[in-house]
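Student: Take this structure, written in structure tokens, and hold onto it; I'll ask about it next.
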Amino acid sequence: MPYAVNGNISLHYEVRGEGETLILSSGLGGTSGYWQPQMEYLSRRFRVVTYDHAGSGKSSRSVGARTVSQFASDMLAVIRASGAEHAHVLGHAVGGITGLQLALDAPGVVRSLVMGNAWGEADPHIARCFSVRMKLLEDSGLDAYIEAQPLFLYPATWISEYDRELRAKAGRMPEHIPSSLDLSSRVEAFLKFAPPPGDLARLDVPVLCLATKDDMLVPWTCSQRLAQQLGNGIFKLLPWGGHGSSETAPEDFEAALEAFYQPIGESTSNDCPSHS
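Once you know that position 267 of the sequence shown is 267 in UniProt numbering, the rest is easy, because the numbers rise by one and skip nothing.
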């Protein structure tokens, strides 16, 4: 199994497909399996790199408190270890924020960025939701946290329909979810994320701020506001699917990606080697 190394952190990653490199970065849970619904579609267009965040999955576990910039440097380490100098980035929630931080920290590395149900600055509703989730974790334990997680991620009707699959998934989650300390510390780090407006306005990387209208965890207006602040931001609102719309409404999610990537592919096809 290939690993990237960033300081004392080992990061498990996998590569699939050919073409320009696209790195996928999941949300708070941090494991690459989140992107399974998109792998067939994306690997037809890109050389797809998936990885487990520090503290998650097969990467180093119990890593302690880390900054957003450290998570971004992890992403850069994976890109370089995979053999690429730059990459397109597709991130969900904090995974999208990590990609944005990398674009700010390492100009030229990020060719394009999709931020699914993410934010540029956490608003009171996001802080309230994470406060409830962290209190569940601290006061009632990991089982209660896992039991409640779908309530924040998916529409009620979807939860009802896929209850059996969700319970099976929950049974496997303790094997790869970050420790309680790691979860609480990274929530704190990403809630504090608020890059200077001037830095966002100067960013010339194409950024798709993709939101879902019924997202229970992150109000869609956060994505809209971020797109307005970015120098090259595009806002797209999906009608249904909750916070995990890439799982619940994959066709709509992939259609939004296709509309974003098509002109980018046309503009980069002549200046990007096949492995980067």
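Every residue gets a Cβ at the ideal spot worked out from N, C-alpha and C, and that includes glycine.
(1) Using the Cα positions of Met-173 and Ala-54, report the straight-line distance between them to the nearest angstrom.
(2) Just the Cα atoms here: how many angstroms apart are Pro-273 and Asp-182?
(3) Skipping 5 residues on each side, what residues in its chain have a beta carbon closer than 7 Å to that of Phe-130?
(4) Relative to the C-alpha of Val-63, which candidate in Asn-8, Asp-105, His-88 and Gln-36 has its C-alpha closest?
(5) To the nearest angstrom, how far is it from the Cα of Arg-167 to the Cα of Ala-201?
(6) Excluding the 5 residues preceding and the 5 following Thr-157 in the sequence, name in chain order all residues of the same chain whose CB lies nearer than 8 Å to its CB.
(7) Just the C-alpha distance for residue 301 and Val-94, rounded to the nearest angstrom, thanks.
(8) To the nearest angstrom, how far is it from the Cα of Val-114 to the Cα of Leu-11?
(9) Is it a yes or a no for the stretch 200-214 touching the stretch 241-258, going by three-plus beta-carbon pairs under 8 Å?
(10) How many whole angstroms separate the CB atoms of Ser-179 and Arg-61, which I take to be in contact at a CB cut-off of 8 Å?
(11) Could you check how far apart the C-beta atoms of Ala-148 and Leu-136 are, in whole angstroms? I think they sit under 8 Å.
Tutor: Let me lay it out:
(1) Mapped onto the sequence shown, residue 173 falls at position 173. Mapped onto the sequence shown, residue 54 falls at position 54. Whole-angstrom Cα-Cα distance: 16 Å.
(2) As a position in the sequence shown, residue 273 is number 273, starting the count at 1. As a position in the sequence shown, residue 182 is number 182, starting the count at 1. Note that Pro-273 scores 37 on pLDDT, short of 50, meaning its location in the model is unreliable and no value can be drawn from it.
(3) For this step, residue 130 is matched to residue 130 along the sequence shown. Here the set comprises Val-187 and Leu-191.
(4) Position 63 of the sequence shown, counted from the start, is the residue given in the question as residue 63. It is Asn-8.
(5) Position 167 of the sequence shown, counting from 1, holds the residue named residue 167. Position 201 of the sequence shown, counting from 1, holds the residue named residue 201. Near 43 Å, if we compare the C-alpha coordinates of Ala-201 and Arg-167.
(6) In the sequence shown, the residue the question calls residue 157 occupies position 157. If we look at Thr-157 and ignore the five residues flanking it on each side, it has no Cβ neighbours.
(7) Residue 301 lies beyond the residue range present for the chain, which begins at 1 and ends at 276; the question has no answer from this structure.
(8) Counting from 1 along the sequence shown, the entry for residue 114 is found at position 114. Counting from 1 along the sequence shown, the entry for residue 11 is found at position 11. So the two alpha carbons sit approximately 22 Å from each other.
(9) yes
(10) As a working note, residue 179 is residue 179 in the sequence shown. As a working note, residue 61 is residue 61 in the sequence shown. So it is a contact: roughly 7 Å between Cβ atoms.
(11) Position 148 of the sequence shown, counted from the first residue, corresponds to residue 148. Position 136 of the sequence shown, counted from the first residue, corresponds to residue 136. Yes, they are in contact, since the Cβ atoms of Ala-148 and Leu-136 sit about 6 Å apart, within 8 Å.
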